[in-house]
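Presented below is the structure to which this report refers.
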Amino acid sequence: MRGFLAAAMLVVLSACAHQIPTTASPASDFASSRTDKIPGHWLATIQPGGLASPAEFVGHACGAHRYWLDATAAYAESLRGTLKAVFQEVEFAPYEPSGVPAGASGVIRVEGTTMKPEMLYFDGLWSGRVEGRARFDARVAVDGPGGRLFGGHVEGKGTGKADGICLAAMPALSAAVSAGMHDMMEDLGERLLDAPKLRAAS
8 MRGFLAAAML VVLSACAHQI PTTASPASDF ASSRTDKIPG HWLATIQPGG
58 LASPAEFVGH ACGAHRYWLD ATAAYAESLR GTLKAVFQEV EFAPYEPSGV
108 PAGASGVIRV EGTTMKPEML YFDGLWSGRV EGRARFDARV AVDGPGGRLF
158 GGHVEGKGTG KADGICLAAM PALSAAVSAG MHDMMEDLGE RLLDAPKLRA
208 AS
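Just add 7 to the spot in the sequence shown (first one is 1) and you have the numbering used here.
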């Protein structure tokens, strides 16, 4: 009997565990005075840490449900697509170079990324609604053979909505993460395109 109850409890818990889907959201259209790509051959390293975590409702809604969010792969793909839209030639290195390799205009580092997801439930007249929210923040540094060419923070935020209660959290937060990621990619692209030292270095 105990074994049956344990198995039944495991089924219930697994049925209430949800994986939030994520999709890549690179940016290619930027609000910048410069629309031409930055010339030169650049090396980029991506450290998408801190992008896998539980996601929870604000308040007591859906307390029996557990949500898991992993945006690591989608974020890395978004960065690759965005940097390709900004730089004429960009090579992605699987390691952290000790300096600027010969023949490279500079090294682009995107690191220290944080993601803050949350979900809110709102009662409606006939049905409920879930609103997902996501905020992203990262440090960006570009170093050339002669030193620092660009440095700063980029950020983005997004929201998503879906009708329903607990299961509506998945599409709502998925849309919020996609929108927030895209917003940060636009911020990244615009800041890089407007950085005069990057063009001078090439």
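Quick reminder that beta carbons are idealized off the backbone N, C-alpha and C, glycines included.
Using a Cβ-Cβ distance cut-off of 8 angstroms, the stretch 171-189 and the stretch 150-158 are not in contact, since fewer than three pairs of beta carbons, one from each stretch, lie closer than that value.
When Cβ pairs closer than 8 angstroms are counted between the two stretches, the stretch 124-144 is seen to touch the stretch 64-79, the count reaching three or more. The beta carbons of isoleucine 27 and tyrosine 74 sit about 6 angstroms from each other, so the pair counts as a contact at 8 angstroms. Histidine 67 counts as exposed, since fewer than 16 other C-beta atoms from the protein chains shown sit within 10 angstroms of its C-beta.
Comparing C-alpha distances from leucine 50 to each of Ala100, Arg41, Thr29 shows the shortest one belongs to Ala100. With a minimum length of 4 residues, the unbroken runs of alpha helix (DSSP H) contained wholly in the stretch 71-116 fall at 79-93.
Of all C-beta pairs linking the stretch 192-203 to the stretch 37-54, three or more are shorter than 8 angstroms, placing the two stretches in contact. Exclusion of the five residues before and after glutamate 125 leaves Val65, Arg140 as the residues of its chain whose Cβ lies within less than 6 angstroms of its Cβ. Just measuring C-alpha positions, the residue of Pro33, Met191, Lys44 sitting nearest threonine 121 is Met191. For glycine 57, no alpha helix (DSSP H) run applies, since DSSP gives it neither H nor E.
Residue state for glutamate 197 is assigned as helix, using DSSP reduced to three classes. Taking 8 angstroms as the cut-off, the Cβ atoms of valine 184 and proline 152 do not count as close.
Around the Cβ of glycine 110, a 10 Å sphere holds fewer than 16 other Cβ atoms; the residue is exposed. Excluding sequence positions up to five before and after alanine 186, its CB lies within less than 7 angstroms of the CB of Gly165, Thr166, Gly167, all in the same chain and listed in chain order.
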